[in-house]
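Participant: Pasting in a structure now, in structure tokens, and then I'll have a few things to ask.
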Amino acid sequence: MTGKQGFSLFEMLIVVAIMGVIALAAVPVAEITYVKTQETMLENNQDSVREAIMLWKRDCRNAVAGQLSDGYTLLFTIPDSRLYPPGLEDLVKPDANYSIYDRSDVGIATFYPKPYLNAIPADPFVGAPEWVVHCASGTSPGTYSSGITTLPANHVGVMDVSCVTDPARRRGFVTAIDGTKYQDW
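Take 20 as the starting number for the sequence shown in this note's numbering and just add one per residue.
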């Protein structure tokens with residue numbers, strides 16, 4: 020028997036090199052899959068908060084229309100910003116009642132909100148429920164962090180949420196896979 024059985028060292032090196040190339044090719048795919056999953060969670064979480072805000076506004080308008088004989092006419096005397104929730108925490112644990120005021124600060128109806136969310140969802144890139152909140156009555160954004168909404172002076176009615184912009188708090192995730200900024204979502 021002159022032939023040797025088994026693998027030579029050279030053959031083993033070639034197999035290990037091929038496996039290394041395959042492993043290196045799999046890393047970017049796994050990373051993109053992870054980021055895409057986080058982006059989907061972010062979109063779903065933002066959508067659930069936005070839907071809760073819209074349900075609050077709808078129920079608030081219905082309370083005015085239902086409590087007053089000329090409720091639909093009076094809706095035009097209420098600033099739109101007063102039909103939105105005062106803070107994100109009110110979507111989870113609302114006060115027993117919420118007074119609705121017209122432009123002259125006269126209370127015209129009472130809204131009895133229900134919980135619209137079990138909890139404020141987290142931004143998956145931050146790992147906590149931290150959001151930038153946009154008010155219906157002004158252009159300066161506020162914040163939601165640690166269960167408290169902080170609005171700028173003279174701003175009322177949370178009408179939208181967006182992502183925290185600080186790259187350190189976002190763990191470097193600032194730009195989405197499609198090239199848009201998360202803060203613009």
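Ideal placement from N, C-alpha and C gives every residue a C-beta, glycine not left out.
How long is the line joining the alpha carbons of A36 and M60, rounded to whole angstroms?
Facilitator: Taking the first residue of the sequence shown as position 1, residue 36 is located at position 17. Taking the first residue of the sequence shown as position 1, residue 60 is located at position 41. Spanning the two alpha carbons is a distance of roughly 37 Å.
Participant: Count the other CB atoms, across all protein chains shown, that sit within 10 Å of the CB of I33; report buried if there are 16 or more and exposed otherwise.
Facilitator: Taking the first residue of the sequence shown as 1, we reach residue 33 at position 14. It counts as exposed.
Participant: Report the start-end ranges of each alpha helix (DSSP H) in the stretch 81-165 that is 4 residues or longer and not cut off at the edges.
Facilitator: List check, alpha helix (DSSP H) in window: 90-93.
Participant: Taking DSSP's pairing of strands, which residues face T168 in a bridge?
Facilitator: As a working mapping, residue 168 is identified with position 149 in the sequence shown. In the DSSP output, where bridge partners are listed per residue, T168 has Y163.
Participant: Helix, strand or coil for V180? Go by DSSP, reduced to three states.
Facilitator: As a first step, residue 180 must be located in the sequence shown, where it is residue number 161. V180: strand per DSSP, three-state reduction.
Participant: So, for N116: in the same chain, excluding its five sequence neighbours on each side, which residues have a beta-carbon less than 6 Å away from its beta-carbon?
Facilitator: Here residue 116 refers to the residue found at position 97 of the sequence shown. For N116, where only same-chain residues beyond five positions count, the Cβ hits under 6 Å are T129 and Y131.
Participant: Do the stretch 80-97 and the stretch 137-144 make contact, defined as three or more Cβ pairs closer than 8 Å?
Facilitator: Taking 8 Å as the limit for Cβ pairs, the verdict is that the stretch 137-144 does not touch the stretch 80-97.
Participant: What is the DSSP secondary structure of T52, counted as helix, strand or coil?
Facilitator: One-based indexing of the sequence shown puts residue 52 at position 33. Residue state, collapsed to three classes: helix.
Participant: Can you check whether the CB of G161 is closer than 8 Å to the CB of T169?
Facilitator: Taking the first residue of the sequence shown as position 1, residue 169 is located at position 150. Taking the first residue of the sequence shown as position 1, residue 161 is located at position 142. A contact, by the Cβ cut-off of 8 Å.
Participant: Would you mind giving the Cβ-Cβ distance between L74 and A84, rounded to the nearest angstrom? I have them listed as a contact below 8 Å.
Facilitator: Counting from one through the sequence shown, the residue named residue 74 turns up at place 55. Counting from one through the sequence shown, the residue named residue 84 turns up at place 65. Their Cβ separation, rounded to whole angstroms, is 16 Å, which puts L74 and A84 out of contact at 8 Å.
Participant: Consult DSSP for V59 and reduce its assignment to one of helix, strand or coil.
Facilitator: Here residue 59 corresponds to residue number 40 of the sequence shown, with the count starting at 1. Note that residue 59 is Thr in the sequence shown, not Val. Helix.
Participant: When you compare the CB positions of L136 and S181, do they come within less than 8 Å of one another, or not?
Facilitator: Position 117 of the sequence shown holds residue 136. Position 162 of the sequence shown holds residue 181. It is not a contact, given that the beta carbons lie outside the stated cut-off.
Participant: Given that a residue counts as buried once 16 or more other Cβ atoms are within 10 Å of its Cβ, and exposed if not, what is R101?
Facilitator: The residue labelled residue 101 in the question sits at position 82 within the sequence shown. Classification for R101: buried.
Participant: Spatial neighbours of G166 within its chain, please: C-beta separation below 7 Å, excluding the five flanking residues on both sides.
Facilitator: Counting from 1 along the sequence shown, the entry for residue 166 is found at position 147. The answer, listed in chain order, is E108.
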